[in-house]
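Residue numbers (the working numbering): 555 to 697. All residues carry an ideal CB built from backbone N, CA and C; glycine is no exception. Here the structure is a predicted model, which is why all the values come from computation and not from measurement. Below: the structure, in structure tokens.
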Amino acid sequence: MSHIRSGFAVLVILSLLLGWTSQAAAAEDSSANKYEELLRRLNAQEKRIAEQDKKIAELQADRKSSTAKQDKKIAQQDKKITELKNIELTPEQRQEFLKIYEDVKAQAKPQPHDFRVYWKDGIRMESADKKFKLKFGGRLMGD
555 MSHIRSGFAV LVILSLLLGW TSQAAAAEDS SANKYEELLR RLNAQEKRIA EQDKKIAELQ
615 ADRKSSTAKQ DKKIAQQDKK ITELKNIELT PEQRQEFLKI YEDVKAQAKP QPHDFRVYWK
675 DGIRMESADK KFKLKFGGRL MGD
């Protein structure tokens, strides 16, 4: 009977040891899998960061080139303005210019049949003589 008990005790101890070692091995496998997953995620994030850094560098380069283009265009326009300021007009040319200017100015004045369109609590239209007015507006409600 004592052999049975000691054999049973040995069996229990062996099963406990085997169970503990299998749990330890499973824990090692689990932690190894977690470690590999973390490495995979880290590599993916590093790749995304590298791609974003590349895009940022491209955008900054585009911005610098567009700024340079704008500066060049402004310099050209300034040069044209300076050239136009230095033009000498004869009295006949000056009179012709003033006549054209007055004609354009007269045409720019609102005519009685012209409508002014503007926004004030909706789209509004109004004739120059203020005899006619039109308003588009409304409300939206939701629950």
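Simplified DSSP assignment, three categories, for residue i
i      : result
Leu643 : coil
Phe686 : coil
Arg693 : coil
Residues near residue i in its chain [Cβ-Cβ closer than 6 Å; skip 5 each side]
i      : result
Met679 : Phe669, Val671, Leu688
Ser620 : none
7 Å Cβ shell around residue i - same chain, five flanking residues per side excluded
i      : result
Glu600 : none
Lys674 : none
Segment limits, beta strand (DSSP E) that includes residue i
i      : result
Arg678 : 677–681
Arg670 : 669–673
Interface flag, residue i vs chain C, CB-CB below 8 Å
i      : result
Asn597 : The structure shown contains no chain C; it holds only a single protein chain.
Cβ-based neighbour list, residue i, same chain, cut-off 8 Å, excluding 5 preceding and 5 following
i      : result
Gly676 : Lys689, Phe690, Gly691, Gly692
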